[in-house]
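Residue numbers (this note's numbering): 229 to 1130. Written below as structure tokens is the structure these notes are about.
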Amino acid sequence: MTGASPLAAHAAAPTREAHDTSLPPGWRITDEPDGRRLVWRSASEVPMGDARVEFHAAGRLLGVPAPERDGHTFRLDLDTARPERLTDLQVWSGGRRLDAPEGNAHPGGRSPLAAVPPAAPLPAGAVDPGRPGTYRTATGEYDLPSVRLPGFKAPVEMRAVVVAPTAATGPRPVALFLHGRHATCYKGQEATGDWPCPAGTKPIPSYRGYLRDQQLLASQGYVTVSISANGINGQDWAAEDGGAQARSSLVRQHLARWADWAAHPATAPAAVRKAPKADLSKVLLVGHSRGGEGVNRAAMDSLYPPPAAQDGYRGPVRWHVRGTVLIGPTIFGQNPVPDVPSATILPGCDGDVSDLQGEVYVDGTRGVSRGRALHSAVYVTGANHNFFNSEWTPGQAQAPAEDDFWDDADNKDPVCSPGTRTRLTADQQHRAGSTYIAAAARLFVAGDDRVRDLLDGTGRRAPSADPARVLTHAVGAQRGAGFLPDGKVTVTGGRLCSAVDPRPAVACLGEADHGSSPHFAQWETGREAGRRAVALRWSAPGTPVRVQPGAPLSLSGARSLALRVIVPPNTRGTLLDVAVTDSHGRRAVLGRVTADGLPGSDRTASYWARELRVPLTAATRAGVDLRQVKSLELIPRSRSGRAWLMDAWAWRPGTPAVAEAPLTRVDLGRLSVKEGDSGVHTYRVPVRVSGHGSGQVRVYVVDPVTGEAKDRLVTVRPGGHDIDVAVRVEGNKRFSYDVTHDVLVKAVHGTVVGAHRGGVTALNDDPMPKVSVTPVADRVTEGRPLRWKVTLSEPADAEVGASFVVVPVTGGAELSTKDVDPAWLSDASGAEPDPERPLSQVEYLGVWASVPAGTTSTEVSVPTVKDTVAEPAESVRFTATDDSGAPLPGGPVLTGTVLDAS
């Protein structure tokens, strides 16, 4: 039978081998009127979370697919992706593989390691910020008219819950909370990501999940407000930055209202009028997950204005952000704000943002600005992602909720499965979160330096957070000169390794290592320049590893040398001597440090640096000139082991006042152009450079065909055109797919980056060829293949094809799973011949016809097998599919009949 349809054409399937044109089970490719898409359907529902779902092929990021409402299906625009780029398809989210065989959701797929017991409690700090203050509190809500944000079709709500002290005198500092990405609407036990919520469903009150944190801060004298962002969560799948700019706009919309109300109290809602006057010169922003990235962007936008076309707030800045608290945050842009102090809470059992990419809020600030702001990482062993929000916690939430750590009943995790010695209960975790939020408020806003040792790696604990085991390290504040592997440095006796690199000999961690590291979290490129560490490996003690910067460093005035050192999880007692040598050759061993690994497993990101300090007194006694220190040595004293040096700093106590530097800001844009019918046109990637002074960024230009990125270091100036990426677009009258030319940018020095990705998209403006099919051998004897010819109405500039799904025959006997080649059946569907069943009962079974670019036809076949069983004539029927993979009414059909050979 023959037929033709413009909707039946589909892009060529990925190939595992030259002869294999099938997709893995669960995958398909569709050609829709507006482009070709790669589609993956999960057998189980993928909960709406904060980490992005990503498609990878051959070890490289293909892109971020759009979710469908069913919670199972994800679609990715494919542009120019060729079959060789689509090998080894995988689905990842936050460092966890979603499409892996059961029990193999983490790199390596090994059985869990034996975790070490919880560490002994640290000494208590000088103060305990988790203790309630003296004020009584009052709670109320406000609900204002919704606002429209650029790039979002539906308005976004302006709703919040206020918890404030009562009987407090004078203006009070403000803490604003922003929740993360979660389901938006619910009815009974069903939750969706719709916005606005359909009739009969209710909005999920995620913004009410921090009431305990708000009550603690309010008792200590803070006016607190937690804002709702369901309208962003329901629409941010289409935002190139994951919704960071929209969340910033929403935060600043609320702050602007509070500034209005402080100036005109009578205009405020009742919940605000009952609260003390807000002191907007002292603002703490607290964000959870994508809310963390949102408040980071709000802090940036408050200092360095974003492009007006991208921003949903255009008014003056009448507030001062003194610090941020980021809870299990995303950082898709890897663009922290260097001059706003931050505390990043890293949940050791995070099952959503499981790569703990929020570590970049600390590491990513090194060398970017003046280095005076404290940036702290707070690692909470046994905490998951959701339980910091009571509305995401089973038994406490109004809507459906779950433990996000992916527990396996048959393969318990020794660290994170409920009931283990290290896993926290929901209440224990929430109490630890409240305590460290209050610690940040007390340090960043109130300026109480006594609380600093809870956040800066000194090794003190807040008893209110017990029994949680909380560890911290930091950069900035009173840290001076540093030995930084990212810059000009020479390493002897060890290896200068890269955080992100596909080459095992270059990467800091490899596939053979159990678990992962927050310090080496993947970005959007397969290789990154400028993110490095020093790797140590030894089989006997005594061989030094020497780190020599490009120029001598001054440690003068410092009390200690503070090192951040990673050792493997579940290890104890790694011993390292630390020595320095000055420019005159005088050397001193400063002392010995001991490093213990964190409890970890294959499913955790536990390769995390411990802060180790060694006094500089020995160097002074030895006459070392601390103004001219030319090298640092680490001498292993354990019998064998591994370690990674992240950095080492001149340290002294104290929290200096922070003055924000006038930095240069870079934002990329995206230009979409039609290819046209003829000629070659050159377009340039939109770039906006604003602010003051000059700075350096690293620019990555991604090849649209190979997916590989080339990088270069660029000096930028406000109003300049230093980032100049030209894209050539050739017009023609032949069908092809949209071609996306992506560019990424990251701050290096003297800059901040807002919109970190942009580019030029060349839009196809030619119709897709029609597809027809004709039989070549549609009536054969068993043992011979059924064959059909698939023809395009005209050549195309892209590989095009047709997909056909098996359907029941209209009459007579049907071919079964034992009538076809078992290898073909497995390749085409992943199914086995037994038990024998009609082919139309095999899930995912179909045939793919790939027509190479520039040609007009190809053949598809179904190989049959000869047997000794006497059988009547048997048939098979395939029909073209629509964009959902369902049979296409009126589309081309392949039919064939197999005759008995006996």
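No residue lacks a Cβ here, since even glycine has one placed at the ideal position from N, Cα and C.
Would DSSP call residue i helix, strand or coil?
i	result
Gln-657	helix
Gly-986	strand
Ala-286	coil
Phe-380	coil
Ser-1103	strand
His-482	helix
His-969	strand
Leu-445	helix
Met-996	coil
Tyr-1072	coil
Pro-295	strand
His-300	coil
Pro-746	helix
Trp-268	strand
Met-528	helix
Are residue i and residue j touching if we call contact CB-CB under 7 Å?
i	j	result
Thr-1009	Ala-1129	yes
Leu-789	Val-842	yes
Leu-896	Arg-985	yes
Gly-421	Glu-619	no
Val-389	Gly-459	no
Ser-374	His-410	no
Leu-1020	Thr-1084	yes
Thr-1148	Ser-1031	Outside the modelled stretch of the chain, which goes from 229 to 1130, sits residue 1148, for which no answer is possible.
Gly-358	Ala-693	yes
Gly-522	Leu-406	yes
Arg-912	Val-927	no
Gly-959	Glu-903	yes
Ala-343	Val-643	yes
Thr-700	Leu-683	yes
Pro-997	Ala-1026	no
Arg-280	Leu-306	no
Arg-707	Trp-879	yes
Val-1028	Val-1079	yes
Leu-602	Ala-705	yes
Leu-289	Glu-296	no
Ala-503	Val-451	yes
Arg-814	Gly-758	no
Asp-966	Thr-934	no
Skipping 5 residues on each side, what residues in its chain have a beta carbon closer than 6 Å to that of residue i?
i	result
Gly-408	Asp-278, His-516, Ser-517, Arg-518 and Gly-519
His-334	Note that His-334 scores a pLDDT of 47, beneath 50, so its modelled location is shaky; the value from the coordinates is reported in the next line. Closer than 6 Å at the Cβ level, and outside the excluded window around His-334, lie Asp-830 and Arg-831.
Val-930	Ala-937 and Asp-970
Val-817	Asp-805 and Ala-807
Arg-898	Gly-986 and Gly-987
Val-719	Val-762 and Val-775
Taking C-alpha atoms, which residue in the options lies nearest to residue i?
i	options	result
Leu-1073	Glu-1060, Pro-1066, Ala-1056 and Asp-1062	Ala-1056
Pro-544	Arg-550, Pro-533, Glu-1042 and Leu-554	Pro-533
Ala-807	Arg-838, Ala-876 and Ala-833	Ala-876
Ser-922	Thr-315, Thr-718 and Val-596	Val-596
Leu-584	Phe-560, Arg-1105 and Gly-1040	Phe-560
Gly-710	Leu-854, Glu-756 and Glu-739	Leu-854
Ala-1051	Glu-1042, Ala-1041 and Asp-1062	Asp-1062
Ala-1081	Asp-1095, Gly-919, Asp-994 and Ser-964	Ser-964
Pro-777	Ala-768, Met-276 and Val-717	Val-717
Please list, in chain order, all residues of the same chain as residue i whose beta carbon is under 7 Å from its beta carbon, the five residues on each side excluded.
i	result
Gly-743	Pro-797, Gly-828, Ser-829, Asp-830, Thr-832, Ala-833, Ser-834 and Tyr-835
Asn-617	His-407, Ser-434, Gly-437, Tyr-438 and His-516
Arg-760	Pro-713, Asp-714, Leu-724, Cys-725, Ser-726 and Ala-727
Gln-626	Pro-433 and Glu-619
Please return the same chain residues whose Cβ sits closer than 8 Å to the Cβ of residue i, not counting the five positions on each side in sequence.
i	result
Lys-381	Gln-463
Thr-771	Gly-721, Ile-863 and Pro-864
Any chance the region 626-636 sits against the region 573-581, with 3 or more Cβ pairs inside 8 Å? The region 626-636 vs the region 573-581: in contact.
Hey, is the region 843-852 in contact with the region 751-758, meaning 3+ C-beta pairs nearer than 8 Å? No, because fewer than three Cβ pairs between the region 843-852 and the region 751-758 fall closer than 8 Å, the two stretches do not touch.
Count the C-beta pairs between the region 995-1013 and the region 1089-1109 that are closer than 8 Å, then say yes if the count reaches three, no if not. Yes, the region 995-1013 touches the region 1089-1109.
For the region 489-508 against the region 528-542, do three or more pairs of beta-carbon atoms, one drawn from each stretch, fall closer than 8 Å, so that the two count as touching? No, the region 489-508 does not touch the region 528-542.
Tell me, please, whether the region 602-622 touches the region 644-661 by the rule of three or more beta-carbon pairs shorter than 8 Å. The region 602-622, when compared against the region 644-661, does touch it at the 8 Å Cβ threshold.
For the 8 Å Cβ check, are there 3 or more pairs between the region 550-569 and the region 657-673? Yes: at least three Cβ pairs fall under 8 Å.
Report yes or no: do three or more beta-carbon pairs, one from the region 411-431 and one from the region 449-466, lie closer than 8 Å? Verdict: yes, contact present.
With three or more beta-carbon pairs closer than 8 Å as the criterion, would you say the region 462-478 touches the region 505-512? Result no; under three Cβ-Cβ pairs closer than 8 Å.
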